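Visitor:
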Amino acid sequence: MNKKLALSIDIGGTNCAYGLVDSLGEIHYENSVETATFGEAIKFVSFLKQDEEIYNSLNQIIGIGIGAPNGNHFTGEIQFAPNLPWEKGIIPIKNYFETEFQIPTILTNDANAAAEGEKLFGSAKELENFIVITLGTGLGSGIYINNEILYGSNGLAGEFGHIRVVKNGRQCKCGRNGCLETYASSSGIIRSFEEFKADYSSSSLYDEKTIKAKMIFKHAINGDSFAKFLVDYTANILGNALADFTAFSDPQAYILFGGIAQSGEYFRSLVQNYFDQNSLNIYKNKVQILNSNLHDKNAAILGNAASIFKRIKY
Ligand SMILES: [Zn+2]
656 MNKKLALSID IGGTNCAYGL VDSLGEIHYE NSVETATFGE AIKFVSFLKQ
706 DEEIYNSLNQ IIGIGIGAPN GNHFTGEIQF APNLPWEKGI IPIKNYFETE
756 FQIPTILTND ANAAAEGEKL FGSAKELENF IVITLGTGLG SGIYINNEIL
806 YGSNGLAGEF GHIRVVKNGR QCKCGRNGCL ETYASSSGII RSFEEFKADY
856 SSSSLYDEKT IKAKMIFKHA INGDSFAKFL VDYTANILGN ALADFTAFSD
906 PQAYILFGGI AQSGEYFRSL VQNYFDQNSL NIYKNKVQIL NSNLHDKNAA
956 ILGNAASIFK RIKY
């Protein structure tokens, strides 16, 4: 077998997942390791080089695609990532990989990798203008305009999670108030649970030991009225925000990706309704809210591999 492969790496605060992917999106090998196993980034790089599957495939690997929180595509650095248990400050991760492996390496942030994955392997194959909204602990966005990712002047375009949507709203980790991700994310919906629980004297959610975002969606689908309210409240804020963001790049679609998007059609259709009700007339019936169809596979691994196959000639 001498297929060309991408070594794809998804660096997260808790786990680092990695795999070998071919140009059709087939994952040939995947594995993961706890991020905190390594005190510093360079040790993680050496560990991967020693992985037997990777080592034996080195002559087939055309590029290394890395997705990381606070990953700057232009500088190849992870910059001040608060949730990574490695050295603080600036980590020149692209440089580390290129020195160790002698293979071209591309670093991108998680949301841009998700957008590349949707374009090459997922819901956006036929689209040239779309925006992927990643709904995890926070909210990220990867913007495709005229068939290209929008990076912006410093590689920081697409921080939709920190557009302020509620005046004097919830305190955000960025130091400001009312940012979209303090409402529309898995942590946001849990904050909503805390904020509104005094209004509901009974709910099946109260039988749960700890509240997780996915659980709220499950209870809502089962008909619990407090859970339904929470999902509706989240969809309302997100649908309204997306309706306003449309004025910026006139996308064909928004693709909902990650954690809470996996609740499927129920959440998607609510977001679409709020979006349609609040859109400017000129955009009415022109913009679709879609769910990612990469959920069943390892979407982050595919996304990072997609940046390699798109950008490196092979
Ligand atoms: Zn913020």
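Counting from 656, one number per residue, gives the positions in the sequence shown under our numbering. Built from N, CA and C at the ideal position, the CB exists for glycine as well. Note that the structure is a prediction, hence the values are computed from the model and not measured.
Looking at C-alpha atoms only, which residue of T692, A661, S859 and E695 is the closest neighbour of H683?
Guide: Of the listed residues, the one whose Cα sits closest to H683 is A661.
Visitor: Under 8 Å, do I721 and I748 count as touching if we go by C-beta distance?
Guide: Yes, Cβ-Cβ distance for I721 and I748 is below 8 Å.
Visitor: Please report the Cβ distance between N809 and F900, rounded to the nearest whole angstrom; I am assuming they are in contact, meaning their Cβ atoms lie under 8 Å.
Guide: So it is not a contact: roughly 20 Å between Cβ atoms.
Visitor: Going by DSSP, what residues sit across from V787 in a beta bridge?
Guide: DSSP output for V787 lists G797 and I910 as bridge partner(s).
Visitor: Measure the C-alpha to C-alpha separation of E685 and S678 and round it to an integer number of angstroms.
Guide: Between E685 and S678, the C-alpha separation is close to 16 Å.
Visitor: Please report the distance separating the alpha-carbon of S934 from that of I944.
Guide: If I take the Cα positions, the gap works out to 13 Å.
Visitor: Helix, strand or coil: which one does DSSP assign to E773?
Guide: In this structure, E773 counts as helix in the three-state DSSP scheme.
Visitor: Based on DSSP bridge pairs, tell me the residues matched to S687.
Guide: A672, per the DSSP bridge assignment.
Visitor: Once DSSP output is grouped into helix, strand and coil, what is the label at A875?
Guide: Residue state, collapsed to three classes: helix.
Visitor: Would you mind working out which of L885, I666, S840 and I844 sits nearest Y855, comparing C-alpha positions?
Guide: Answer by Cα proximity: L885.
Visitor: Please find out if some non-hydrogen atom of ligand 1 comes closer than 7 Å to the beta-carbon of R831.
Guide: R831: yes, Cβ under 7 Å from ligand 1.
Visitor: With C-beta atoms as the reference, is F964 less than 8 Å away from L775?
Guide: Result yes, Cβ atoms of F964 and L775 sit closer than 8 Å.
Visitor: Could you name the residues of the same chain whose beta carbon sits closer than 8 Å to that of A623, not counting the 5 residues immediately before and after it, in chain order?
Guide: There is no way to answer for residue 623, as the model of the chain reaches only from 656 to 969.
Visitor: Using only the alpha-carbon positions, how far apart do S962 and S858 sit?
Guide: Computed Cα separation, rounded: 44 Å.
Visitor: Check each candidate in N767, I866 and N750 and name the one with the smallest Cα separation from A723.
Guide: Out of N767, I866 and N750, N767 has the C-alpha closest to the C-alpha of A723.
Visitor: Enumerated in chain order, which unbroken segments of the beta strand (DSSP E) with a length of 3 residues or greater are wholly contained in the stretch 695-769?
Guide: Counting only runs of 3 or more, we get 716-722, 732-734 and 760-763.
Visitor: Does I915 pass the burial test, meaning 16 or more other C-beta atoms within 10 Å, or should it be called exposed?
Guide: Under this definition I915 is a buried residue.
Visitor: Give every residue of the same chain whose Cβ lies closer than 7 Å to the Cβ of Y751, excluding the five residues on either side of it in the sequence, and list them in chain order.
Guide: Excluding residues within five positions, the ones whose Cβ falls inside 7 Å are A696, I697 and V700.
Visitor: Measuring straight from C-alpha to C-alpha, what distance separates A769 and F785?
Guide: Their Cα atoms are separated by approximately 12 Å.
Visitor: Could you work out which residue in G718, T789, G919 and N891 is closest to E753 when comparing CA atoms only?
Guide: For the residues G718, T789, G919 and N891, the minimum Cα distance to E753 belongs to G718.
Visitor: My output table needs one value for L893: the three-state DSSP class, helix, strand or coil.
Guide: The answer is helix: DSSP assigns L893 an H, G or I state.
Visitor: From what residue to what residue does the alpha helix (DSSP H) around I666 run?
Guide: Counting along the chain, I666 falls outside any alpha helix (DSSP H), though it belongs to the beta strand (DSSP E) covering L660 to I666.
Visitor: Just to confirm the assignment, what range does the alpha helix (DSSP H) spanning I963 have?
Guide: I963 -> alpha helix (DSSP H) spans A954 to R966.
Visitor: May I ask you to report which of helix, strand or coil DSSP gives I944?
Guide: Note: I944 maps to strand in three-state DSSP.
Visitor: Just curious, the alpha helix (DSSP H) that Q932 is in, first and last residue?
Guide: First-last of the alpha helix (DSSP H) with Q932: E920 to N933.
Visitor: Is the CB-CB distance between G816 and G795 below 8 Å?
Guide: Yes, the Cβ-Cβ distance between G816 and G795 is below 8 Å.
Visitor: Can L911 and N946 be called in contact, C-beta distance under 8 Å?
Guide: In this structure, N946 lies closer than 8 Å to L911 by Cβ.
Visitor: If you follow the alpha helix (DSSP H) that G843 is part of, which residue opens it and which one closes it?
Guide: Element bounds for G843: S841 to F851.
Visitor: Give me, in chain order, the residues of the same chain whose beta-carbon lies closer than 6 Å to that of S918; leave out the 5 immediate sequence neighbours on both sides.
Guide: Hits under 6 Å: F872.
Visitor: Is I733 near I746, with beta carbons less than 8 Å apart?
Guide: Yes; because the gap between Cβ atoms is below 8 Å, this pair is in contact.
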